[in-house]
Amino acid sequence: MSRGRARRPPVPGSVVIRAGALLLLLLASASSSSEEEAAVDYGAALSKSLLYFEAQRSGRLPHNQRVPWRGHSGLTDGLQQGVDLVGGYYDAGDHVKFGLPMAFTVTMLAWGAIDFADDVAAAGEWGHTLEAIKWGTDYFVKAHTEPFVYWAEVGDGDTDHYCWQRPEDMTTSRQAYRIDKDNPGSDLAGETAAALAAASIVFRRSNPHYSHLLLHHAQQLFEFGDRYRGTYDSSIAEVRSYYASVSGYQDELLWAALWLHRATARDDYLRYAVDKADSFGGVGWAMTEFSWDVKYAGVQVLAAKLLLEGDPGALKHGAVLEQYKAKAEHYLCACLGRNGGNGSDNVERSPGGMLYVRQWNNLQYVSSAAFLLTAYSRYLSDSDRLLRCPTGGAPAAPSDLLALARSQADYILGRNPLRLSYMVGYGRRYPVRVHHRGASIVAHKANSRFIGCMQGFDDWFGRGRPNPNMLAGAIVGGPNCRDEFRDDRGNYMQTEACTYNTAPMVGVFARLHRLATEEGDRRRGTADEAECR
Numbered sequence: 000m001s002r003g004r005a006r007r008p009p010v011p012g013s014v015v016i017r018a019g020a021l022l023l024l025l026l027a028s029a030s031s032s033s034e035e036e037a038a039v040d041y042g043a044a045l046s047k048s049l050l051y052f053e054a055q056r057s058g059r060l061p062h063n064q065r066v067p068w069r070g071h072s073g074l075t076d077g078l079q080q081g082v083d084l085v086g087g088y089y090d091a092g093d094h095v096k097f098g099l100p101m102a103f104t105v106t107m108l109a110w111g112a113i114d115f116a117d118d119v120a121a122a123g124e125w126g127h128t129l130e131a132i133k134w135g136t137d138y139f140v141k142a143h144t145e146p147f148v149y150w151a152e153v154g155d156g157d158t159d160h161y162c163w164q165r166p167e168d169m170t171t172s173r174q175a176y177r178i179d180k181d182n183p184g185s186d187l188a189g190e191t192a193a194a195l196a197a198a199s200i201v202f203r204r205s206n207p208h209y210s211h212l213l214l215h216h217a218q219q220l221f222e223f224g225d226r227y228r229g230t231y232d233s234s235i236a237e238v239r240s241y242y243a244s245v246s247g248y249q250d251e252l253l254w255a256a257l258w259l260h261r262a263t264a265r266d267d268y269l270r271y272a273v274d275k276a277d278s279f280g281g282v283g284w285a286m287t288e289f290s291w292d293v294k295y296a297g298v299q300v301l302a303a304k305l306l307l308e309g310d311p312g313a314l315k316h317g318a319v320l321e322q323y324k325a326k327a328e329h330y331l332c333a334c335l336g337r338n339g340g341n342g343s344d345n346v347e348r349s350p351g352g353m354l355y356v357r358q359w360n361n362l363q364y365v366s367s368a369a370f371l372l373t374a375y376s377r378y379l380s381d382s383d384r385l386l387r388c389p390t391g392g393a394p395a396a397p398s399d400l401l402a403l404a405r406s407q408a409d410y411i412l413g414r415n416p417l418r419l420s421y422m423v424g425y426g427r428r429y430p431v432r433v434h435h436r437g438a439s440i441v442a443h444k445a446n447s448r449f450i451g452c453m454q455g456f457d458d459w460f461g462r463g464r465p466n467p468n469m470l471a472g473a474i475v476g477g478p479n480c481r482d483e484f485r486d487d488r489g490n491y492m493q494t495e496a497c498t499y500n501t502a503p504m505v506g507v508f509a510r511l512h513r514l515a516t517e518e519g520d521r522r523r524g525t526a527d528e529a530e531c532r
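Going by numbering that gives the first Met the number 0, the sequence shown wraps up at 532, each residue one higher than the last.
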């Protein structure tokens, strides 16, 4: 949390202040101090968020790389298989390139860039946002080497986790794994299609040729995933211990279809989501989470958006889309705690107000919820609608959804019982022993001496001292259900950061920054008018 110095009101020395006036003055001073201490700089949080993705880059880094302690890595990825798989993102504190969470990361970055483009641009971060998206989509295009072949993973989690090395020193396996007609992965193909379709919208004006390329690959991958159905973790055993597809592939195919509809306005994609709404669980599952694995809440919000904005093509599918909308609003009401019934119908809260889903890396669910709340708040506002929840009472206004999203963003940034920012590099106090190989070992540029597989554990992992390199913008796993957090490199459930923790917050921070700026301008304008009177 950003803390400013309290400004003491000027007190003229020649004036005798009565007790009552003095009390009012002291109260005003305390209020001013409290407001300044509680101020949250969403613009700084947005900038750091985008910087984080540069720290997670794999491949040959560009000249404008802004994270100085990172160097080139993974330059032979795919060579063993005769394909070029250089590039992409490391998902977290290790060096495996997992396709499913990487694609979800890019989808969320792109969704934020689409819905909050003006807000991102107003913050001066449009260029960096495009770079973050393109670093992922360039890799996806490379990995899609044939219409029905997609390279799903580079590296092996088991051997990778056996070592503690900088990415620049990697000696672990860079075996690559693929899905194809005989080894399907509809979930991975669908999520990657969604990412490429969403990104094609982002680049439509600035780079139409690239946008067309992304859309072409998106359509091919969707066809691949739909024609040859199966979960990718059934085809690739190595991923099961790390990113198993627990929800199956149906949610990703619905997700991809709706993103392709948004990118092309073609009715056949919308009809796919409508026709398979029941059999694929789109209107059956009432969700209380949204994540890299479980996309249903996102699917339902996208479908609801079509109704709210009065899309002419959607009206003929109104009955089914209303069912999608009801399930979307179940999720949002669950976040608000307004679903009634037993506790499982609502998302739990920690004593400090954090939305709580599960112990391991809970902040991923907080950030994804904050995004859907922020997006839906805008959809409701634009359509002049309210959200009606099962508990009855007054309907939830768009401002109620946004207020909850803001409270979760503020919690991440330090407005929590520990007064600890869970974004590295933001505020006065934040985690300094993040579970991250590159950040925890002296930078390769500062000391190029090779650090071996086990040497990293011996010399760096077990040290109690803070990491030598700051992983700025990373959002760590965060506290438990009691708001407790232990800043320990070995406590990976809480101190490991992931790309899909930060990605949804890019759009949220951009929106909150724009609103805070506008509110500040209004207050200054009101103050100026008062002075003139």
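Backbone N, C-alpha and C fix where the C-beta goes; we use that ideal spot for every residue, glycine too.
Boundaries (first-last residue) of the beta strand (DSSP E) holding residue i
i      : result
LEU235 : Going by the sequence as given, residue 235 is Ile instead of Leu. No beta strand (DSSP E) contains ILE235, which DSSP labels as neither H nor E.
TYR149 : 149-153
ARG177 : 175-178
Three-way DSSP call (helix, strand, coil) for residue i in this model
i      : result
ALA197 : helix
PHE103 : helix
GLU222 : helix
GLU483 : coil
SER32  : Unreliable placement is indicated for SER32, whose pLDDT of 37 sits below 50; no coordinate value is reported for it.
LEU354 : strand
LEU84  : coil
ASN468 : coil
ALA496 : strand
PHE279 : coil
ALA396 : coil
LEU25  : Any answer about LEU25 is weak, because its pLDDT of 28 lies below 50 and its placement is not dependable; what the coordinates show is given next. Reduced to three states, the DSSP call for LEU25 is helix.
GLY519 : helix
LEU386 : strand
ASP310 : coil
THR525 : helix
ILE450 : coil
PHE115 : coil
THR230 : coil
PRO183 : coil
ASP168 : helix
VAL507 : helix
ASP513 : Per the sequence shown, residue 513 should be read as Arg rather than Asp. Here ARG513 sits in helix by DSSP.
TRP110 : helix
GLN407 : helix
GLU190 : helix
SER290 : coil
PRO416 : coil
Whole-number beta carbon distance between residue j and residue i, since they are thought to touch under 8 Å
i      : j      : result
TYR176 : GLU237 : 6 Å
VAL85  : GLY73  : 6 Å
ASN497 : GLN407 : The amino acid occupying residue 497 in the given sequence is Cys; Asn does not appear at that position. About 17 Å separates the two Cβ atoms, so there is no contact after all.
LEU385 : ALA396 : 6 Å
GLU308 : ASP225 : Contact doesn't hold; Cβ gap of about 26 Å is too wide.
ALA262 : ALA313 : Actually they are not in contact, since the Cβ atoms of ALA262 and ALA313 sit about 15 Å apart, beyond 8 Å.
Residue i, enclosing alpha helix (DSSP H) - first and last residue
i      : result
ALA255 : 249-263
LEU307 : 295-307
SER48  : 41-54
SER439 : 436-439
ARG270 : 266-274
LYS324 : 317-335
GLN79  : First-last for GLN79: undefined, no H or E at that position.
GLY135 : 125-142
VAL433 : Careful: VAL433 lies outside any alpha helix (DSSP H) and carries neither H nor E.
SER376 : 362-381
Paired residues, beta bridge with residue i - DSSP
i      : result
PHE456 : Its beta-bridge partners do not exist; DSSP assigns none.
ILE474 : MET422
GLY58  : SER72
ARG348 : LEU354
PHE97  : GLU152
GLU145 : VAL148
Residue i CB to nearest heavy atom of the ligand ADP below 6 Å
i      : result
THR287 : Ligands in the displayed structure: none, and consequently the ligand ADP is not present.
Tell me whether the region 506-513 and the region 355-373 touch, counting them as touching only if at least three CB pairs, one residue from each stretch, are closer than 8 Å. yes
Per the contact definition of three or more C-beta pairs closer than 8 Å, is the region 321-341 in contact with the region 147-162? Between the region 147-162 and the region 321-341, the count of Cβ pairs shorter than 8 Å is below three; the stretches do not touch.
Any contact of the region 149-160 with the region 418-435, i.e. 3+ C-beta pairs under 8 Å? no
Inter-stretch contact at 8 Å, needing at least 3 Cβ pairs: the region 297-311 / the region 321-333: yes
Check whether the region 102-122 touches the region 190-203, taking contact to mean three or more Cβ pairs, one atom from each stretch, closer than 8 Å. By the Cβ test, the region 102-122 is in contact with the region 190-203, since at least three Cβ pairs between them sit closer than 8 Å.
For the pair the region 117-131 and the region 457-474, tell me if three or more CB-CB distances fall below 8 Å. no
Specify whether the region 195-214 and the region 158-169 touch according to this definition: at least 3 beta carbon pairs, one from each stretch, less than 8 Å apart. no
Three CB pairs or more closer than 8 Å across the region 41-50 and the region 418-432: yes
Specify whether the region 60-77 and the region 406-420 touch according to this definition: at least 3 beta carbon pairs, one from each stretch, less than 8 Å apart. no
Given 8 Å as the limit, is there contact between the region 486-502 and the region 510-520, that is, 3 or more CB pairs closer than that? Because the criterion of three Cβ pairs below 8 Å is not met, the region 486-502 and the region 510-520 do not touch.
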